[in-house]
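Presented below is the structure to which this report refers.
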Amino acid sequence: METIESFNTWKGLFYLTTGLFLLYWFIKIIQFISQKFQRKNLLNKRWLHFLHVVLSVFKPIALMLLVLDFIAINYVVHGLFLVIIGALGYMPIRNYISGLLFHMNPLIAKGSMITIDNYKGEIKQMLPQGMVISTESGQSFFKYVAIDKSGFSITSKDTGNYRHTIYLNTDVTKAKLLDFLFTNPILNFKEPPTVRETELPSVLKLQYTLEEGGNDEDFLAFLAEHNITTTLTFNKES
22 METIESFNTW KGLFYLTTGL FLLYWFIKII QFISQKFQRK NLLNKRWLHF LHVVLSVFKP
82 IALMLLVLDF IAINYVVHGL FLVIIGALGY MPIRNYISGL LFHMNPLIAK GSMITIDNYK
142 GEIKQMLPQG MVISTESGQS FFKYVAIDKS GFSITSKDTG NYRHTIYLNT DVTKAKLLDF
202 LFTNPILNFK EPPTVRETEL PSVLKLQYTL EEGGNDEDFL AFLAEHNITT TLTFNKES
């Protein structure tokens with residue numbers, strides 16, 4: 022108890038901040054060394070992406086620890102102060118959290134081509150509150166919440182192939198669907214298809230990437246041969 026009470030002081034907050042700061046830069050140095058001596062193979066690419074995800078998750082966790090320790094110093098005053106800050110900064114905080122999910126997506130990276138509504142361009146920067154995209158009319162800034170709301174599609178900078186999302190109306194189970202998808206040669210299994218359940222038991226969400234030269238119509242015809250109907254949007258009344 023005495024240890025906890027001594028930790029929940031301004032001095033304890035300073036030690037916690039220093040420790041988290043040093044740990045952050047330790048991970049950054051590992052990331053820098055990995056990039057400096059990187060080899061162009063799948064294992065190293067996954068390792069760099071893992072470090073990127075660790076850093077993306079580390080920041081909010083570290084901030085949460087600092088906030089909790091800050092509140093513990095004086096529950097009433099500091100708690101009320103943070104409630105006011107949270108109310109005023111609700112949208113930026115929500116946007117930042119959406120951004121963390123975008124940063125964790127291996128397909129979304131600097132140099133990838135992205136389509137948002139009627140805008141199509143190259144991702145130039147991924148900032149805490151949004152991304153900068155270079156389009157034919159110039160550079161535009163899009164907030165993460167707005168991108169998530171309107172929807173988007175990505176062209177991987179490594180493969181040049183799009184990641185597609187469709188909804189399947191079928192009684193086939195998720196496991197069986199994945200089994201027969203792996204028999205289709207036009208699917209790109211370096212970026213394997215993912216199947217997720219929706220609110221409706223007969224509707225599944227499928228995300229997939231085609232091999233270079235693969236045709237969407239051929240893949241949809243393949244699904245139709247297995248008595249699976251497809252839609253681009255999810256309708257709860259299906």
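Numbering (my numbering), first residue to last: 22 to 259.
Idealized CB from N, CA, C, for every residue including glycine.
Proximity winner among the options, relative to residue i (alpha-carbon distances)
{"i": "residue 193", "options": "247, 145 and 166", "result": "247"}
{"i": "residue 164", "options": "146, 158, 175 and 157", "result": "146"}
{"i": "residue 107", "options": "85, 125 and 226", "result": "85"}
{"i": "residue 173", "options": "219, 126 and 212", "result": "126"}
{"i": "residue 81", "options": "129, 118, 161 and 51", "result": "118"}
{"i": "residue 149", "options": "158, 210, 157 and 123", "result": "123"}
{"i": "residue 135", "options": "90, 89 and 185", "result": "185"}
{"i": "residue 30", "options": "230, 89, 152 and 58", "result": "89"}
{"i": "residue 142", "options": "156, 99, 202 and 92", "result": "156"}
Close beta carbons around residue i, own chain, < 6 Å, minus the five adjacent residues each side
{"i": "residue 40", "result": "none"}
{"i": "residue 249", "result": "189 and 191"}
{"i": "residue 159", "result": "none"}
{"i": "residue 232", "result": "207 and 209"}
{"i": "residue 83", "result": "41"}
{"i": "residue 99", "result": "91 and 92"}
Neighbourhood of residue i by C-beta, 8 Å cutoff - its chain only, sequence neighbours within 5 removed
{"i": "residue 55", "result": "65, 68, 69 and 72"}
{"i": "residue 38", "result": "87"}
{"i": "residue 75", "result": "48"}
{"i": "residue 171", "result": "137 and 138"}
{"i": "residue 236", "result": "207"}
{"i": "residue 52", "result": "69, 72, 73 and 76"}
Pair within 8 Å by beta-carbon distance, residue i and residue j
{"i": "residue 206", "j": "residue 228", "result": "no"}
{"i": "residue 260", "j": "residue 79", "result": "Since the displayed the chain opens at 22 and closes at 259, residue 260 lies outside it and no answer follows."}
{"i": "residue 244", "j": "residue 199", "result": "no"}
{"i": "residue 105", "j": "residue 34", "result": "no"}
{"i": "residue 77", "j": "residue 43", "result": "no"}
{"i": "residue 218", "j": "residue 195", "result": "yes"}
{"i": "residue 161", "j": "residue 168", "result": "no"}
{"i": "residue 166", "j": "residue 209", "result": "no"}
{"i": "residue 241", "j": "residue 251", "result": "yes"}
{"i": "residue 114", "j": "residue 103", "result": "no"}
For residue i: DSSP bridge partner residues
{"i": "residue 225", "result": "189 and 218"}
{"i": "residue 175", "result": "135 and 184"}
{"i": "residue 195", "result": "In DSSP, residue 195 forms no bridge with anything."}
{"i": "residue 250", "result": "190"}
{"i": "residue 230", "result": "184"}
{"i": "residue 208", "result": "231"}
{"i": "residue 164", "result": "151"}
Close Cβ partners of residue i (< 7 Å) along its chain, the five nearest in sequence each way excluded
{"i": "residue 24", "result": "Confidence in residue 24 is poor, its pLDDT being 48 and thus under 50, which makes the residue's placement too unreliable to answer from."}
{"i": "residue 259", "result": "Note on residue 259: pLDDT 49, under 50, position unreliable in the model; the coordinate value appears next. Around residue 259: 190, 221 and 224."}
For the segment 88–162, list the beta strand (DSSP E) runs that are entirely contained and at least 3 residues long, ordered along the chain.
-> 134–137, 140–148 and 151–156
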